[in-house]
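These protein sequence lines map, in sequence, to chains X and G. According to my numbering, the first sequence is numbered sequentially starting from 196. According to my numbering, the second sequence is numbered sequentially starting from 26. Note that beta-carbon positions come from the ideal geometry of N, C-alpha and C, so glycine has one too. Working notes, structure below.
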Amino acid sequence: MTPRPDGRPSRAEIWVLGAAGLATFFGLWAALSGFGFVSPRFLPSPAAVAMRGIFLLAHPFAGASLPVHVLSSLGRYGLGFLLGACVGVPLGLLMGWYRLLDDIVTPIFDALRFVAPIAWVPFAALWFGTGIGGPVMVIFAGAFPPCLINAYRGARFVDKKFLEAARTLGAGNLRIIVEVLLPASVPSIVAGLRVGAGLGWQSLVGAELIVASSGVGYMMVQGQSAVSTTTVLSGMVAIGIVGYLVDLVLREIQTATQRRRGLA
Amino acid sequence: MSTITFDKVGRIFDSVTAIEEINLHVRDKEFVAIVGPSGCGKTTCLRMAAGLDFPSSGEVRVGERKVAGPGPDRAVVFQQFALFPWKSVYDNVDFGLRNKRVPASERRDRIAAVLKVMNLEGYERSFPHQLSGGMQQRVAIARAYVLDPAVLLMDEPFGALDAQTRVLMQEELVRLARVNPRTVLFITHGVEEAVYLADRVAIMTRRPGRIKEIMDIRSVREAERWDNRTRIEDVMDLESFVHLRTAIWRSLREEKTKETT
Ligand SMILES: Nc1ncnc2c1ncn2[C@@H]1O[C@H](COP(=O)(O)OP(=O)(O)OP(=O)(O)O)[C@@H](O)[C@H]1O
Ligand SMILES: [Mg+2]
Numbered sequence: 196m197t198p199r200p201d202g203r204p205s206r207a208e209i210w211v212l213g214a215a216g217l218a219t220f221f222g223l224w225a226a227l228s229g230f231g232f233v234s235p236r237f238l239p240s241p242a243a244v245a246m247r248g249i250f251l252l253a254h255p256f257a258g259a260s261l262p263v264h265v266l267s268s269l270g271r272y273g274l275g276f277l278l279g280a281c282v283g284v285p286l287g288l289l290m291g292w293y294r295l296l297d298d299i300v301t302p303i304f305d306a307l308r309f310v311a312p313i314a315w316v317p318f319a320a321l322w323f324g325t326g327i328g329g330p331v332m333v334i335f336a337g338a339f340p341p342c343l344i345n346a347y348r349g350a351r352f353v354d355k356k357f358l359e360a361a362r363t364l365g366a367g368n369l370r371i372i373v374e375v376l377l378p379a380s381v382p383s384i385v386a387g388l389r390v391g392a393g394l395g396w397q398s399l400v401g402a403e404l405i406v407a408s409s410g411v412g413y414m415m416v417q418g419q420s421a422v423s424t425t426t427v428l429s430g431m432v433a434i435g436i437v438g439y440l441v442d443l444v445l446r447e448i449q450t451a452t453q454r455r456r457g458l459a
Numbered sequence: 026m027s028t029i030t031f032d033k034v035g036r037i038f039d040s041v042t043a044i045e046e047i048n049l050h051v052r053d054k055e056f057v058a059i060v061g062p063s064g065c066g067k068t069t070c071l072r073m074a075a076g077l078d079f080p081s082s083g084e085v086r087v088g089e090r091k092v093a094g095p096g097p098d099r100a101v102v103f104q105q106f107a108l109f110p111w112k113s114v115y116d117n118v119d120f121g122l123r124n125k126r127v128p129a130s131e132r133r134d135r136i137a138a139v140l141k142v143m144n145l146e147g148y149e150r151s152f153p154h155q156l157s158g159g160m161q162q163r164v165a166i167a168r169a170y171v172l173d174p175a176v177l178l179m180d181e182p183f184g185a186l187d188a189q190t191r192v193l194m195q196e197e198l199v200r201l202a203r204v205n206p207r208t209v210l211f212i213t214h215g216v217e218e219a220v221y222l223a224d225r226v227a228i229m230t231r232r233p234g235r236i237k238e239i240m241d242i243r244s245v246r247e248a249e250r251w252d253n254r255t256r257i258e259d260v261m262d263l264e265s266f267v268h269l270r271t272a273i274w275r276s277l278r279e280e281k282t283k284e285t286t
C-alpha cells in the first residue's frame with residue numbers, strides 16, 4: 196500500500212488495523228475462557244455468548260425476548276433524548292442570545308451538570324415512578340447537558356458578521372434567532388446531540404439496572420440473579436451494537452449537514 | 026434627504042486611535058469614494074455610518090438623525106461578503122425584502138431583475154460555497170441593491186472580482202447611478218475605480234486616519250462629458266481622467282512612503 200501524501204494511513208489500512216484489533220480482542224477472550232485459564236462461570240467464551248444472544252432473539256427471558264427488551268429500552272430512550280434535545284437546544288440558543296438568561300441559568304446549570312445521571316435514579320424513581328417516567332428522567336439528565344452546552348456555544352460564538360449582516364438587512368430578534376443563530380449553530384448543535392445521545396443511552400441502561408420492569412438493563416439484572424453470565428454479556432453486546440447504530444445515524448446527519456455547507 | 030455627515034468623528038479601540046478626526050459630508054444622491062492606506066480606518070468609517078460601530082467622539086448623522094443603529098434606509102455591502110452559507114442565492118437576496126414585508130410577487134420580480142443585472146441568472150438555487158469568490162461578491166451586491174435603499178454603503182465591493190467582471194460591474198454601477206441616483210459611500214483601493222465612479226474622492230491619511238484632501242471629480246466629468254462614453258477604457262484614456270488619477274496617486278504615495286520611514 197502506498198502511503199498517502201499526508202502520511203496518514205489509507206482507508207484500507209485503517210480497515211485492516213481495526214479488524215486486526217478486534218480479532219486480537221476476541222482471540223484473547225476466546226483463549227482465556229477456552230483453554231481453561233478462567234472458569235466459564237466467570238467469563239463465558241465468545242461463542243457461548245453468541246449462542247445465548249441468538250437464543251434470546253427468539254426466546255423470552257425475564258418476560259420478553261431480547262428484541263422486545265431492546266425496543267422497550269429504545270422507546271424510553273427516544274422519549275428521554277427527545278425531551279433533552281427539545282429543552283436543551285432552544286434553551287441553549289436563547290442563553291447564547293440573551294445575556295440575562297445566560298446569567299440566570301448558568302450558575303444553576305453549572306451546579307447540577309456534574310451530578311452523574313445515575314445519581315438521579317433515586318429521585319427519578321420517587322418522583323416519576325419506575326415505569327416510564329423514572330428512566331426517562333435519568334436519560335434526560337444524561338442527554339440534556341450536552342444538548343444545551345453545544346447549542347449555547349454555537350450561538351455565543353456565531354461569526355459576528357452574520358449577525359451584523361442580518362441587522363443591516365432589517366431582521367428583528369425572532370428572525371435573527373430562527374434564521375441566523377439557529378442555522379449558524381447547527382454544526383455545534385448536531386455535535387451536542389451526538390454526545391447527548393451517547394450519554395443518554397449509557398444512563399438509560401444504568402437506570403434500568405435499578406428501576407424498570409423491562410428493557411435490556413432489566414434483562415441483565417435478571418440474568419445476574421439467575422447467575423447466567425451469558426445473558427448479562429448478551430445484554431452488554433446488544434447495548435454496544437444499538438449505541439453504535441444510534442451514533443452512526445447521528446454521524447450521517449452530521450456529515451450531511453456539513454456537506455450542505457461545503458464543510459466536508 | 027439622505028445625506029451622510031461625519032462631524033468631528035474619532036474612534037479609539039482600547040487605546041489604539043484608529044480614527045483621529047473625520048469631517049465629511051456626503052450630499053444627497055452624491056457618490057463619494059474613500060481611498061487610503063490599509064488600516065487607516067475606512068471600514069471603521071463605513072461601519073459607523075451603518076450603525077454597527079459608534080464614534081468615541083463626535084457624531085455620524087444620516088439625514089438629520091444621529092446614527093443609533095442599522096436602519097432600512099441604508100444597505101451595506103461588506104468587505105467579506107457575509108453571505109449566509111445556509112441560504113441559497115435566492116434566499117440570501119430575499120432575506121432583506123422579507124424583513125421589509127414586501128409582497129411575495131413583487132419580491133420575485135425584484136429578485137429576478139437584480140440577479141439578471143448581476144449576471145447570476147440560473148444560480149438561484151446554488152449555495153454560496155458552490156460559487157466562485159467573484160460570484161459571491163455579486164450576490165452580496167445584489168442583496169443590497171434589491172432593497173433599493175436611499176443610502177448604499179459599499180466596502181471594496183469589487184475587490185474579489187476579476188478584471189473583466191470588475192469593469193462590467195463598474196460600468197453597470199455608473200449606469201445605475203445615473204438612472205437612479207442615490208447616496209453612496211464607497212470604499213476602494215482602486216484609484217481608477219474611485220475616479221471613474223465617484224463624484225468626489227476623499228483621500229485618507231494612514232492611521233490615525235484623517236481626511237487628507239477631497240478631490241472633486243464631478244465638475245471635471247461634466248465639463249469633459251465622460252458620460253458620453255459608455256466604456257471605461259475610453260474614459261480612462263482622457264487627459265482629464267489621467268490628470269485626476271495621477272494627482273490622487275501622488276497623494277496616496279506620500280502616505281505610503283511616510284509609513285516606511
Ligand atoms: N474591533 C476592533 N478592535 C480593535 N481594533 C480595531 C477594530 N476594528 C478596527 N481596528 C483597528 O482600526 C484600524 C482601522 O481598521 P479598518 O478596518 O477601519 O481599516 P481599513 O482602512 O478598512 O483597512 P483595509 O483597507 O485593510 O480594509 C486598524 O488599525 C485596526 O487594527
Ligand atoms: Mg477595510
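What's the call for residue i, buried or exposed, on a 16-neighbour Cβ count within 10 Å?
i, result
"Thr282(G)", "exposed"
"Ser40(G)", "exposed"
"Pro80(G)", "buried"
"Gln195(G)", "buried"
"Gln161(G)", "buried"
"Asn117(G)", "buried"
"Gly314(X)", "Rather than Gly, the amino acid found at residue 314(X) in this sequence is Ala. Ala314(X) comes out exposed."
"Tyr439(X)", "exposed"
"Arg454(X)", "exposed"
"Gln155(G)", "exposed"
"Pro206(G)", "exposed"
"Ser383(X)", "buried"
"Thr424(X)", "buried"
"Ile29(G)", "buried"
"Lys141(G)", "exposed"
Go through its chain and collect everything with a Cβ distance to residue i's Cβ below 8 Å, but skip five positions before and after it.
i, result
"Ile273(G)", "Val60, Val216, Ala219, Val220, Val226, Ile228, Met240"
Of all the options the options, which has the alpha carbon lying nearest to the alpha carbon of residue i?
i, options, result
"Gly273(X)", "Met332(X), Phe250(X), Arg456(X)", "Met332(X)"
"Val102(G)", "Glu359(X), Val411(X), Ser429(X)", "Glu359(X)"
"Leu187(X)", "Thr301(X), Ala280(X), Ala379(X), Leu377(X)", "Absent from the model: residue 187(X). The displayed extent of chain X is 196 to 459, so no value can be given."
"Glu89(G)", "Asp32(G), Ala169(G), Gly234(G), Lys141(G)", "Asp32(G)"
"Ser398(X)", "Pro382(X), Ala243(X), Ala319(X), Phe304(X)", "Ala319(X)"
"Gly324(X)", "Ser408(X), Trp396(X), Gly229(X)", "Ser408(X)"
"Ser380(X)", "Gly287(X), Val211(X), Gly248(X), Gly216(X)", "Gly287(X)"
"Phe309(X)", "Pro330(X), Ala338(X), Trp322(X)", "Ala338(X)"
"Val316(X)", "Gly365(X), Ser383(X), Val385(X), Val400(X)", "Val400(X)"
"Asp224(G)", "Thr30(G), Arg52(G), Phe56(G), Thr190(G)", "Phe56(G)"
"Ala386(X)", "Val411(X), Leu238(X), Val422(X), Ala346(X)", "Ala346(X)"
"Ala361(X)", "Gly83(G), Asn48(G), Arg99(G)", "Arg99(G)"
What does a CB cutoff of less than 7 Å around residue i pick up in its chain, not counting 5 residues either side in sequence?
i, result
"Arg231(G)", "Pro62, Cys65, Glu280, Lys283, Glu284"
"Leu269(G)", "Val220, Met240, Ile242, Val245"
"Tyr170(G)", "Val139"
"Ile405(X)", "Val316"
"Ala253(X)", "Ser260"
"Glu238(G)", "Ile228, Ser276"
"Val114(G)", "Leu145, Tyr148, Glu149, Ser151, Val164"
Closer than 8 Å to a non-hydrogen atom of ligand 1 - does that hold for the CB of residue i?
i, result
"Asp259(G)", "no"
"Lys67(G)", "yes"
"Gly64(G)", "yes"
"Phe38(G)", "yes"
"Gly61(G)", "yes"
Comparing the CB of residue i with every heavy atom of ligand 2, is any distance shorter than 8 Å?
i, result
"Lys237(G)", "no"
"Ile44(G)", "no"
"Ile334(X)", "no"
"Val228(G)", "Correcting the residue type first, residue 228(G) is Ile in the shown sequence and not Val. No, the Cβ of Ile228(G) stays beyond 8 Å of every heavy atom of ligand 2."
"Glu181(G)", "yes"
"Gln104(G)", "yes"
"Ile212(G)", "yes"
Grab me the residues of residue i's own chain with a C-beta within less than 6 Å of its C-beta, minus the 5 sequence neighbours each way, in chain order.
i, result
"Val390(X)", "Pro341"
"Ala43(G)", "Arg36, Gly66, Thr69"
"Gly495(X)", "A query on residue 495(X) cannot be resolved here, the shown segment of chain X reaching from 196 to 459 and no further."
Output yes if chain B places a C-beta closer than 9 Å to the C-beta of residue i; else output no.
i, result
"Ala167(G)", "Here the protein chains are X and G, and chain B is not one of them."
Problem set entry | Contact residues within the segment 90-108 of chain G, judged by C-beta distance below 9 Å to chain X | Gly94, Pro95, Gly96, Pro97, Arg99, Ala100, Val101, Phe103, Gln105, Phe106, Ala107, Leu108
For this session: Quick one: which residues of the segment 128-157 of chain G get their C-beta closer than 9 Å to a C-beta of chain X? List them in chain order.
Result: Phe152, Pro153, His154, Gln155
Exercise. If contact means a Cβ-Cβ distance below 9 Å, which residues of the segment 47-63 of chain G contact chain X?
Worked result: Taking a C-beta cut-off of 9 Å against chain X, none of the residues of the segment 47-63 of chain G qualify.
Exercise. Taking Cβ-Cβ distances below 9 Å as the criterion, which residues of the segment 243-260 of chain G are in contact with chain X?
Worked result: none
For this session: Pull out every residue of the segment 207-221 of chain G whose Cβ sits closer than 8 Å to any Cβ of chain X, in chain order.
Result: none
Problem set entry | chain G contacts from the segment 370-390 of chain X (Cβ-Cβ distance under 8 Å) | Arg370, Glu374, Val375, Pro378, Ala379, Val381
Exercise. Going along the chain, which residues of the segment 67-91 of chain G sit with their C-beta nearer than 9 Å to a C-beta in chain X?
Worked result: Arg72, Ala75, Gly76, Leu77
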